[in-house]
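Beneath this line is the structure, given in structure tokens, with notes to follow.
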Amino acid sequence: MGSGAVELYLPGSEGRPVLLSPGFVREVEDLAGRMVSRCYQCKKCTSGCPAGFSMDYQCHEIIRLVQLGARDEALRSAAIWLCASCRTCRERCPNDVDPATVMDCLKVMAAAAGVPLGRRRVRTFHRAFLATVAALGRAHELGSIALYKLAVPGAALDDLGLGLRMLSRGKLKVAPDGIKGRGEVAAIFRRAKARETRLRKRFGRTGAAEGRGGHT
Numbered sequence: 267m268g269s270g271a272v273e274l275y276l277p278g279s280e281g282r283p284v285l286l287s288p289g290f291v292r293e294v295e296d297l298a299g300r301m302v303s304r305c306y307q308c309k310k311c312t313s314g315c316p317a318g319f320s321m322d323y324q325c326h327e328i329i330r331l332v333q334l335g336a337r338d339e340a341l342r343s344a345a346i347w348l349c350a351s352c353r354t355c356r357e358r359c360p361n362d363v364d365p366a367t368v369m370d371c372l373k374v375m376a377a378a379a380g381v382p383l384g385r386r387r388v389r390t391f392h393r394a395f396l397a398t399v400a401a402l403g404r405a406h407e408l409g410s411i412a413l414y415k416l417a418v419p420g421a422a423l424d425d426l427g428l429g430l431r432m433l434s435r436g437k438l439k440v441a442p443d444g445i446k447g448r449g450e451v452a453a454i455f456r457r458a459k460a461r462e463t464r465l466r467k468r469f470g471r472t473g474a475a476e477g478r479g480g481h482t
């Protein structure tokens with residue numbers, strides 16, 4: 267353990283000691299543009315979170331992990347990938363911490379560092395959805411579903427009956443709608459890709475987070 271490092275045992279860490287990095291909160295604040303240190307744990311974000319029932323750490327707990335400098339635990343959490351970005355937490359936060367933006371920041375850092383995720387299907391869905399937007403300029407549900415099913419072993423026939431019923435009732439479009447400005451959308455993705463490359467150079471270091479599996 268390096269100089270100045272601290273170990274802490276957290277309820278969600280499954281009995282493992284969590285190594286704290288004091289500078290982590292500053293990294294997140296710099297990337298997210300939000301003062302995470304202002305959070306005083308009122309839990310208003312968690313009380314209104316519609317996805318909280320499925321998270322390993324609740325919204326306010328993720329913020330606290332960042333404050334403590336629990337880099338590995340925050341970046342390995344499934345919660346950051348389950349956040350629906352509904353921004354309810356942002357509206358409720360009395361200190362304008364904006365937990366949803368912090369979650370997005372942690373996703374970027376986790377992906378850039380190559381942190382493994384126990385719930386791999388969550389990240390696979392993110393990639394499938396963004397791939398259709400990048401290719402078509404807008405979301406296409408059936409295209410996202412097809413990419414997701416092909417990427418997940420054994421998932422091709424899951425929910426087949428539901429999918430056929432949705433198709434028969436016109437809830438899913440076979441052909442995507444065309445849009446104007448597809449080139450502008452493609453340019454956004456190119457800029458995002460360039461930013462991702464820079465972030466990988468910044469955060470793509472080896473560490474304890476990369477050596478352990480994520481939550482299941």
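The letter at position 208 of the sequence shown is residue 474 when you use this note's numbering, and the numbering goes up by one with no holes.
Positions of the beta carbon are idealized from the N, C-alpha and C atoms, including for glycine.
| Query | Result |
| --- | --- |
| Through-space distance from L416 to R387, alpha-carbon basis | 12 Å |
| Local Cβ density within 10 Å of M375, reported as buried at 16 or more and exposed below that | buried |
| Host alpha helix (DSSP H) of D296 (start-end) | F290 to A298 |
| Test item: CB-CB of A350 and A317 under 9 Å | yes |
| When A400, Y414 and R356 are compared against I445, the one with the closest alpha-carbon | A400 |
| Closest Cα partner of L433 within the set I454, E407, D424 and R457 | E407 |
| Cβ neighbour criterion (16 or more within 10 Å) applied to M301 | exposed |
| Inter-stretch contact at 8 Å, needing at least 3 Cβ pairs: the segment 362-378 / the segment 290-297 | yes |
| Buried/exposed call for D364, threshold 16 Cβ in 10 Å | buried |
| Short Cβ contact (9 Å threshold) for T354 with C315 | yes |
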